[in-house]
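Here's the structure we're looking at; comments come further down.
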Amino acid sequence: MTSQTLRDESNTPALADEGRFLGANLFGATDINAGVLANYVNAVTVIVLSGKTTANSHATGAETRGHSLWRRVVDRALAERLDVQGLELVLRRKWPQNPLSQRAHILAFLLETDAVTPSYQRFINIHRSRVAAYLTLLWYAASTFGHYLRGLLLLKRLERRVTPHV
Amino acid sequence: MFDLIIVGSGAAGTFAAFAAARTNLRILMLDVGRPAPAGKRLGPDFLTLRQSDPQQSSYFIGAKFESLHNISEAYLSPKLKAPRFRFVTDQADALSPLAAHGFSPVQSLAYGGLANAWGAGTFEYTAEDLAGFPFALTELRAHYQELVSEIGISGTSDDLAYHFGSTEGLQPPHRLDRLSSRLLAGYERRRASFQERGFTIGRPRLALLSQDLRERTACNYDNLAFWEPQIPYLYTPRFTLDRLIRDGRESVKPALMISIMNVRSDCFSYSRTI
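This is the structure we're talking about:
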């Protein structure tokens, strides 16, 4: 499943399925409703797959080659439904507008404005207790670091797999 | 026949008209005048909307995902990409293309100009700023006072007053939320220590009403100014323009006529006069 093939409207179910996967993997949201999924499909099509994304006239040749490699990495990770949470963290530091971070941003905003489902509560700090709020923060900091290390390993593995053999 | 033609209804054009309206000059303002979206205003307040409105995606993200465009496109300030503020920059780049290197110019064809989406921060020039200018700060004082009473500015005299200018004619400052109150109280307890380290904290000087001013109502703390254009408590030039037009209609000689033009990429044509 590459970015090129996803532009076809017949891939809408595949994009919706991708939205469900990313929702569960990145945000623990297993209850994404049909409206949010439809918006995800449209937004990814308009923003990520439209062909006008992430064009950077200042990118050097090496950066452009890196972006091409990471695009293939993202395609592969999504196609194989790998654990993309750590991969997204690592890629975000290397290339902030990579296609995986764009998808994550889109889905985060769509879930956050879906106030009528439990997804909304995951994005709002409702702790009234300061201790609980700090413990949650600590847990997420440690968990994020763990994901980051796993993402580094995953990226190295995927880079080897998607690099054409000479 | 007109004595004065002003092109554009932004802040500069509006206050040129404001000053000229007191003369006997006949003034024509030419403007594309894209209007703010019509329809029901958002409400009652930001938090209620966020917690309960199932339609909120349409005004926080937009039917065309306007608020998400920074994910893939050039930088636009958060307020300008909010769905209900898109009229401010709508079609400006297509109709008036600009080439720029190293910065992103933003232009507006809206009625009231880019100031429809300004942050409402107000500063007077200081004597230091004006060093080398052919006029002194004292000559500007009366004009600043006129602006304060036209716009409605809230603030107070505190440690930041030097940066903002005179406190004459200001409306009272807005109430602070709990976190800001605690920060300010902490600063005031250890002011000398903060200032030794080069920190100064104070309240902002904002074109945000804390009391009613003419037909405009005071801020109700609904926190919607980032999402709803032309909210009464936050000043935009539209308020001044509307008043100049209204006052003109009631007088023998219209003080200001505004011609709204139909604009396509290849021609401008006269459409209507307000």
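Residue numbers (numbering that gives the first Met the number 0), protein chains in the order written: chain P, 0 to 165; chain U, 0 to 273.
C-beta atoms are modelled at their ideal positions from N, C-alpha and C, and glycine is treated no differently.
Check, Outcome
"Please state whether DSSP places V6 of chain U in a helix, a strand or coil.", "strand"
"Along the chain, where does the beta strand (DSSP E) that runs through L27 of chain U open and close?", "I26 to D30"
"Hey, quick one: how far does the alpha helix (DSSP H) through N10 of chain P stretch, first residue to last?", "Careful: N10 of chain P lies outside any alpha helix (DSSP H) and carries neither H nor E."
"Would you say S192 of chain U reaches chain P, if we count a Cβ-Cβ gap shorter than 8 Å as a contact?", "no"
"Just checking my contact of G38 of chain U with P236 of chain U at CB under 8 Å: how many whole Å lie between their CB atoms?", "Wrong, their Cβ atoms sit about 22 Å apart, outside the cutoff."
"Per the DSSP calculation, L323 of chain U is bridged to which residue(s)?", "Only positions 0 to 273 of chain U appear in this structure, which leaves residue 323 of chain U out of reach."
"Is A140 of chain P near the ligand NAD, going by C-beta to nearest heavy atom under 7 Å?", "Among the components of this structure there are no ligands whatsoever, and the ligand NAD is therefore not found."
"Taking Cβ-Cβ distances shorter than 8 Å, what residues in chain P pair up with L67 of chain U?", "A42, I46, H104, I105 and F108"
"Within the 8 Å Cβ cut-off, does F14 of chain U reach chain P?", "no"
"Assuming L129 of chain U and V147 of chain U are in contact, meaning their beta carbons sit under 8 Å apart, how far apart are those beta carbons, in whole angstroms?", "So it is not a contact: roughly 18 Å between Cβ atoms."
"Would you tell me roughly how many angstroms separate the C-alpha atoms of G154 of chain U and F163 of chain U, rounded to the nearest one?", "9 Å"
"What's the C-alpha gap between L25 of chain P and E111 of chain P?", "13 Å"
"Would you call the stretch 197-206 of chain U and the stretch 84-97 of chain U in contact, with 3 or more CB pairs under 8 Å?", "no"
"Using the three-state DSSP reduction, which class does R215 of chain U fall into: helix, strand or coil?", "strand"
"Could you tell me whether the Cβ of N97 of chain P comes closer than 8 Å to any Cβ of chain U?", "no"
"Who does R33 of chain U pair with in a DSSP beta bridge?", "U:A109"
"Could you tell me how far apart the beta carbons of R21 of chain U and M0 of chain U are, in whole angstroms, since I believe they sit closer than 8 Å?", "Contact doesn't hold; Cβ gap of about 20 Å is too wide."
"Alpha carbon to alpha carbon, how far is L148 of chain P from P228 of chain U? Give it in angstroms, no decimals.", "45 Å"
"Taking the alpha helix (DSSP H) that V47 of chain P belongs to, which residues open and close that run?", "Per DSSP, V47 of chain P belongs to no alpha helix (DSSP H) and is neither H nor E."
"On the DSSP letters alone, give me the boundaries of the alpha helix (DSSP H) that Y147 of chain P sits inside.", "R129 to V161"
"Return yes when the Cβ of L94 of chain U is within less than 8 Å of the Cβ of L108 of chain U, no when it is not.", "yes"
"Less than 8 Å between the beta carbons of I70 of chain U and Q101 of chain P, yes or no?", "yes"
"Check Q210 of chain U in the structure and name its three-state DSSP category.", "coil"
"Please list the terminal residues of the continuous alpha helix (DSSP H) segment that includes L233 of chain U.", "That residue, L233 of chain U, is in no alpha helix (DSSP H); it is neither H nor E in DSSP."
"Can you tell me the Cα-Cα spacing of M28 of chain U and L113 of chain U, whole angstroms?", "16 Å"
"Whole angstroms are fine: how far does the CA of N97 of chain P sit from the CA of R19 of chain P?", "20 Å"
"For L75 of chain U, does the three-state DSSP call read helix, strand or coil?", "coil"
"At a CB-CB cut-off below 9 Å, which residues of chain U make contact with R38 of chain P?", "One point to set straight first is that residue 38 of chain P is Asn, not Arg, in the sequence displayed. Chain U residues near N38 of chain P: S56, I60 and F64."
"Where does A54 of chain P fall in DSSP's three states?", "In this prediction, A54 of chain P scores a pLDDT of 47, lower than 50, which makes its location untrustworthy; no coordinate-derived value is stated."
"Between D221 of chain U and Y110 of chain U, is the Cβ-Cβ spacing less than 8 Å?", "no"
"Decide if D74 of chain P is buried, meaning its Cβ has at least 16 other Cβ atoms within 10 Å, or exposed.", "buried"
"Quick check: V83 of chain P and L154 of chain P, are their CB atoms within less than 8 Å of each other?", "no"
"Just the C-alpha distance for G150 of chain P and F144 of chain P, rounded to the nearest angstrom, thanks.", "10 Å"
"Buried or exposed for A19 of chain U, going by 16 or more other Cβ atoms inside 10 Å?", "buried"
"Looking at the secondary structure, which residues open and close the alpha helix (DSSP H) in which H162 of chain U lies?", "A160 to F163"
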